[in-house]
Amino acid sequence: MTFVRYRPDIETIAEDEAHTISEIRRVMLDLSALVRAKHGMAMKGTHAKAVGLVKGRLIVERELPVELAQGLFARGSTYEALVRYAPGPPEKLSDKASGQRGMSIKLLGVEGAHVEESDEKSTQDFVLAVDPVFNAADAKSFLKLFRLTGAQSPRVSEGGIIAGSRIARGIEAALEAVGLESANLKFIGRPPRHPVSDPYYSQAPIRYGDYIVKLAVFPSNDTLENAGEQNVDVKDDETFRHVTESYFQTFEAVYDVKVQLCTNLSNMPIEDASVAWSEAESPYRKVATLILPRQQAFSVARQAYFDDRLAFNPAHALEAHRPLGSIMRARMDAYKHTTAYRRDCNNAAPAEPTSLAEVPD
Ligand code: HEM
14 MTFVRYRPDI ETIAEDEAHT ISEIRRVMLD LSALVRAKHG MAMKGTHAKA VGLVKGRLIV
74 ERELPVELAQ GLFARGSTYE ALVRYAPGPP EKLSDKASGQ RGMSIKLLGV EGAHVEESDE
134 KSTQDFVLAV DPVFNAADAK SFLKLFRLTG AQSPRVSEGG IIAGSRIARG IEAALEAVGL
194 ESANLKFIGR PPRHPVSDPY YSQAPIRYGD YIVKLAVFPS NDTLENAGEQ NVDVKDDETF
254 RHVTESYFQT FEAVYDVKVQ LCTNLSNMPI EDASVAWSEA ESPYRKVATL ILPRQQAFSV
314 ARQAYFDDRL AFNPAHALEA HRPLGSIMRA RMDAYKHTTA YRRDCNNAAP AEPTSLAEVP
374 D
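First residue of the sequence shown: 14, per this note's numbering; consecutive thereafter.
Quick look at the structure:
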């Protein structure tokens, strides 16, 4: 099998991309201001409500073949890690509105040259979500879609969002029954799965040293078994947090961290994050294990630290793991601005931890 080699000219930047990205920034900051006015405090630009905040470690596999022993995965190292589980909405909504869900990973003590867009010097973030693909191909289509959907969230009543999510789940289930699916419907309506038991994907590509990958984390069989029935019964507005806290009181969670190497640019595009890369052509291969021990997965102090002071951002990356493509370039701009807005409004000092000991329990 041949693997596509990374070159800086692998990315193709549309002529009007700078304008599109500044519009995304504007829409995101307008949304942040609306959320602040509605809730009395600034929140993360999207994925505002954390349902699990945990500490752990990532252990890189030893003796990987050369195409997998790249960047921070080159030397069989172990890194301290922080993980934030959070559903997609840009404000704190009832869990009865079950849509997109994310998992953000921050690795600490990661040495090496960082991308120039990074304002952190010793971390590597992987900001992931359920589904192997994003619901927009590029920054321009994201802007169009987001104006109509996510950006409207604070203007719609919570009851309206819950009803919309239920309807989208129904239509999506009907589509899946006849072998179809819709990334857009799944974005707003998907079955309420246990946050610990989902796989989470980068969706968009990442440089992997000499190569290019998509990265994902998959729960181990024990983790799936411990989580029990994957669909949770959403009894109240905070069910996702309650099941996550209860999981970590009893069990550790273990994930296989895997990468899918790009083997051909024609059907594994860099600039279109809505295209699934064929797993038959290039399967996900294990490069590390993420271990999240038993712990108290939520506390007021942890929430203040993770949600106000920390920033998870694809731009917090080694040059060897530069986020690639239009969606990633737009993200590197947007996260920086919503983070600055949130910290400023909430009077929160930025934190870039160098050890788990700095993170409150
Ligand atoms: C152009 C596309 C996208 C834009 C403009 C965008 C924008 C944002 C912004 C502004 C934030 C809030 C940052 C903060 O205030 O701290 C955020 C958070 C987040 N986004 Fe995106 N996003 C995009 C695509 C994606 C994709 C493709 C994924 C996953 C594969 C994703 C997953 C997440 C997650 C998990 C968070 C929460 C981060 C945290 O835990 O702090 N986003 N996004």
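From the three backbone atoms N, C-alpha and C, an ideal C-beta is built for every residue, glycine too.
In the DSSP assignment, Leu-66 is bridged to Arg-97. Of the heavy atoms belonging to the ligand HEM, at least one sits nearer than 7 Å to the Cβ of Ala-347. Short of 7 Å from the beta carbon of Ala-289, and not among the five residues preceding or following it, lie these beta carbons of its own chain, in chain order: Pro-145 and Val-146. Distances taken from the Cβ of Leu-141 to the heavy atoms of the ligand HEM include one shorter than 7 Å.
CA-CA distance, Thr-263 to Val-256, rounds to 11 Å.
Closest in C-alpha terms to Thr-302, from the list Glu-74, Ser-35 and Ala-27, comes Glu-74. Here the alpha carbons of Lys-248 and Tyr-221 stand approximately 42 Å from one another. For the options Arg-38, Tyr-19 and Gly-65, the alpha carbon positioned closest to that of Arg-344 is the one of Arg-38. Restricting attention to Ile-219, Leu-95 and Gly-183, the CA atom closest to the CA of Lys-119 is found in Leu-95.
Remark: C-beta atoms of Glu-130 and Glu-365 do not approach each other more closely than 8 Å. The shortest C-alpha to C-alpha distance from Val-79 to any of Ile-72, Glu-251 and Gly-89 is the one to Gly-89. Contact between Pro-306 and Glu-265 holds: their C-beta atoms lie close to 5 Å from each other, under 8 Å.
Residue range 252-263 is occupied by the alpha helix (DSSP H) that includes Tyr-260.
With distances taken between CA atoms, Leu-274 lies nearest to Arg-298 out of Ser-259, Glu-251 and Arg-298. For Thr-252, the number of other beta carbons within 10 angstroms of its own is at least 16, and it is reported as buried.
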